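Undergrad:
Residue numbers (this note's numbering), protein chains in the order written: chain D, 12 to 446; chain C, -19 to 273.
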């Protein structure tokens, strides 16, 4: 072939290839923090969306745990290259809201004409995430803490495996019986100590965690943990710790193994762990988070988990794809599927109704516990959630002092006083930044 | 040492260029950025930036947590260096004889040094985790002792010291062996012939002669304990319980990446950087001078 013909062939081939590229899908980057079985489920959901249409392709990336992926997103944003969608945990809400780096979800859906009925989301979720009456991020994986228990240990201790404790008093009695019978090393343990023992327990009893309606009314909020209900509860927990009724097993998910390994009869942990429980081989059961009863009302627990935020800095074409994806993910069928695969709560009322109609809750009664707890009563200004700046750091301070208390290095009062003082300093620093 | 000459004037620069580029991009540039950031307070997403002069540094030096972290770090570094050097000297002395299977022992001692520190941390974490580790399980069963570094600050400090020393043994032993082998055997023999016990021979002959190696290893272990052990702490205790094992380098990470207080973290990095520079300069100056016997 002559050189001229070769060039012609080359150019034609390039044009063909180029046109092939031109008809390729718009890429949308979704940074999430789910790994293991949860991560696979997210990828499956993304796959479903990609297969349902041919204009957009969403790619899910696991960017580490919530704290790390948020830092990575911040770095990416500062470098001018943020992802389209970022999964951020509930404690990052204030940081995201004030960042100036997000495209509010309600705005996005409006701008691209997506039909979403915001009232379909359950009140507990709306209560937590609404800002000025609008949703700035899309609720995605929400859960709440419940009480898991080991039926075999109950039976070995002579307790009825179908009657788990409902009150903290009953929890103490059950623990003592378990310890006396030598059926387990500890009565109960907990994951995410600050989140479950303080944040959710206080909300469940209608007690405020911080002033200014748990921070919803302003950045000058201060913690209320070294007095009243919170202090009494901590003192009781400290006493129980000395008797092995309660065992502090570490932050986050560190304590899971105490329960999964059969060393504790009960564990307070996220409803999202139901999937893990099923795979664990334990003869497990679940019930509501314990409540002291009178004189405290039974209100509702707080949504934990994460939401999907949309970052600024992309083209309208890409944003249309983002809007389509968010709409897809919010459909009752998808939410019902997501819930069945994971144990995260179905966050819209139509999704719940769909599951009900399918008889899902008859087959899986434990999945209903979390939904009932979240919907137990209409959220009040102090039970809808907690909105504090520097919340992650505040939680770390509180859990650090908990470790000092349960480790016997400080008294309860001293520990909680330190936690409140240091926590308030952090809150003030954050407020100064955003004056 | 004879000077190497290149025929091509540009070749040496070209050969060194990749390393220089990497060093500039991954070391100098972040270092200068840190230096600059230490004088600002920024919001996480960078939308609000305030120049605050020395305030980040002032707050650090007045902060209870920072001073506690300083104390913890000095204790940790001191223990890792002391035990690291002493134990590896003992092992090196033992390995400096003709034993059967010597190559095996030497390889076995050197091996842990090849493990990346975070991996070593994970290994020890799995072995010693109070909730699912094998060793605490045995300890509880056999002698009813509760080894729990999630609640007990001393246990937490112990495990990170032990893991840090263990991982670095190979490095220390290798240098000590090399040092020992450069000491003429005739000197020790002479001492033994003069009636010294082997212990006295080691103490009065070997160890003084080993001083250059020992000094070098002390500084290297200090640098190792101060700056390289981040991955270790992150794998095991993450600075806990409370902040009992939050060494300075871990605190810089915690405050920056987890708590998103980038200004304070940068200030801490600057202080650490100055410390590292001082240590290195100190070592080079000292090594230059002839150590007297």
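Glycine included, each C-beta is placed from N, C-alpha and C at the ideal position. Fair warning: this is a prediction, and the values are worked out from it, not measured in the lab.
Just the Cα atoms here: how many angstroms apart are residue 172/D and residue 188/D?
TA: Taking the straight line from one Cα to the other gives about 13 angstroms.
Undergrad: Out of 58/D, 334/D, 248/D, point me to the one whose CA is closest to residue 199/D's CA.
TA: Residue 199/D has its Cα closest to that of 248/D, out of 58/D, 334/D, 248/D.
Undergrad: Going along the region 103 to 116 of chain D in order, which residues come within less than 8 angstroms of chain C, judged by CB to CB distance?
TA: Correct list: 106, 109, 110, 111, 112.
Undergrad: Starting from residue 251/D, find everything on chain C with Cβ-Cβ shorter than 8 angstroms and list it in chain order.
TA: Ordered by position in chain C, no residue passes the 8 angstroms Cβ test against residue 251/D, which lies about 14 angstroms from the chain.
Undergrad: In terms of alpha-carbon separation, which member of 213/C, 133/C, 175/C, 161/C lies closest to residue 420/D?
TA: Closest option to residue 420/D, Cα to Cα, is 133/C.
Undergrad: Within 10 Å of its beta-carbon, does residue 111/D have 16 or more other beta-carbons around it, so buried, or fewer, so exposed?
TA: Burial call: exposed.
Undergrad: Is residue 216/C near residue 101/C, with beta carbons less than 8 angstroms apart?
TA: Yes.
Undergrad: Go through its chain and collect everything with a Cβ distance to residue 20/C's Cβ below 7 angstroms, but skip five positions before and after it.
TA: Counting only Cβ-Cβ distances below 7 angstroms, and skipping sequence neighbours, we find 29, 30, 31, 32, 243.
Undergrad: What are the residues of the region 191 to 223 of chain C that lie near chain D, defined by any Cβ-Cβ distance shorter than 7 angstroms?
TA: If the cut-off is 7 angstroms between Cβ atoms, the region 191 to 223 of chain C has 220, 221, 222, 223 near chain D.
Undergrad: Which of the three DSSP states is assigned to residue 41/D in this structure?
TA: Note: residue 41/D maps to strand in three-state DSSP.
Undergrad: Are the CB atoms of residue 353/D and residue 280/D within a distance shorter than 8 angstroms?
TA: The answer is no: Cβ separation not under 8 angstroms.
Undergrad: So what does DSSP say about residue 125/D, is it helix, strand or coil?
TA: Note: residue 125/D maps to coil in three-state DSSP.
Undergrad: Do the CB positions of residue 434/D and residue 234/D come within less than 8 angstroms of each other?
TA: A contact, by the Cβ cut-off of 8 angstroms.
Undergrad: Under 7 angstroms between beta-carbons, which chain D residues line up against residue 24/C? List them in chain order, please.
TA: What residue 24/C touches in chain D: 85, 106, 110.
Undergrad: Check for me: the alpha helix (DSSP H) holding residue 45/C runs from which residue to which?
TA: Taken as a continuous stretch (DSSP letters only), the alpha helix (DSSP H) holding residue 45/C covers 44 to 75.
Undergrad: Check residue 161/D in the structure and name its three-state DSSP category.
TA: In the structure shown, residue 161/D sits in a strand (DSSP, three-state: E or B).
Undergrad: Report buried or exposed for residue 319/D, applying the criterion of at least 16 other Cβ atoms within 10 angstroms of its Cβ.
TA: Label assigned to residue 319/D: buried.
Undergrad: Given a cut-off of 8 angstroms, decide if residue 199/C and residue 259/C are closer than it, judged by their beta-carbon atoms.
TA: Yes, they are a contact pair.
Undergrad: So which of 291/D, 368/D, 207/D, 357/D has the shortest CA-CA distance to residue 406/D?
TA: For the residues 291/D, 368/D, 207/D, 357/D, the minimum Cα distance to residue 406/D belongs to 207/D.
Undergrad: How is the alpha helix (DSSP H) around residue 325/D delimited, first residue to last?
TA: Counting along the chain, residue 325/D falls outside any alpha helix (DSSP H), and DSSP gives it neither H nor E.
Undergrad: Put residue 152/D into one of helix, strand or coil per three-state DSSP.
TA: In this structure, residue 152/D counts as strand in the three-state DSSP scheme.
Undergrad: Excluding the 5 residues preceding and the 5 following residue 208/C in the sequence, name in chain order all residues of the same chain whose CB lies nearer than 8 angstroms to its CB.
TA: Contacts found: 97.
Undergrad: What residues from chain C crowd round residue 412/D, counting only those whose CB sits closer than 8 angstroms?
TA: By Cβ distance, chain C contributes 222.
Undergrad: Can you look up residue 273/C in the DSSP assignment and give me helix, strand or coil?
TA: For residue 273/C, the pLDDT reaches just 47, beneath the cut-off of 50, and the residue's location in the model is therefore unreliable, although a value from the coordinates is still provided. Residue 273/C: coil per DSSP, three-state reduction.
Undergrad: With 8 angstroms set as the bound, which would you pick, yes or no: does the beta-carbon of residue 133/C sit closer than that to a beta-carbon of chain D?
TA: It does; some Cβ of chain D falls within 8 angstroms.
Undergrad: Please tell me whether residue 281/D has its Cβ less than 8 angstroms away from any Cβ of chain C.
TA: Not closer than 8 angstroms to any Cβ of chain C, the Cβ of residue 281/D fails to qualify, so no.
Undergrad: Does the beta carbon of residue 279/C come closer than 8 angstroms to any beta carbon on chain D?
TA: Since the first residue shown for chain C is -19 and the last is 273, residue 279/C is missing from the structure and cannot be characterised.
Undergrad: Anything in the region 97 to 112 of chain C with a Cβ closer than 7 angstroms to a Cβ of chain D? List those residues in chain order, please.
TA: Within the region 97 to 112 of chain C, the qualifying residues are 111, 112.
Undergrad: Using the DSSP secondary-structure output, state which residues sit across from residue 70/D in a beta bridge.
TA: Answer is 40/D.
Undergrad: Can you round the beta-carbon distance between residue 397/D and residue 157/D to whole angstroms, since I take them to be within the 8 angstroms contact cut?
TA: With a Cβ gap of about 19 angstroms, residue 397/D and residue 157/D do not count as contacting.
Undergrad: For a minimum of 3 consecutive residues, which ranges assigned as the beta strand (DSSP E) are wholly contained in the region -13 to 40 of chain C?
TA: Complete beta strand (DSSP E) runs here, min 3: 20 to 22, 29 to 31.
Undergrad: Within the same chain, show all residues whose beta-carbon is closer than 7 angstroms to that of residue 360/D, passing over the 5 residues directly before and after it, in chain order.
TA: Counting only Cβ-Cβ distances below 7 angstroms, and skipping sequence neighbours, we find 131, 133.
Undergrad: Beta-carbon of residue 420/D versus every beta-carbon of chain C: anything under 8 angstroms?
TA: Chain C contact via Cβ: present.
Undergrad: Report the option in 190/C, 191/C, 169/C whose CA atom is closest to the CA atom of residue 181/C.
TA: Residue 169/C is the option with its Cα nearest to residue 181/C.
Undergrad: May I have the straight-line CA-CA distance separating residue 335/D from residue 53/D, to the nearest angstrom?
TA: In a straight line, the C-alpha of residue 335/D is about 16 angstroms away from that of residue 53/D.
Undergrad: Taking the beta strand (DSSP E) that residue 199/D belongs to, which residues open and close that run?
TA: Segment 197 to 201, the beta strand (DSSP E) holding residue 199/D.
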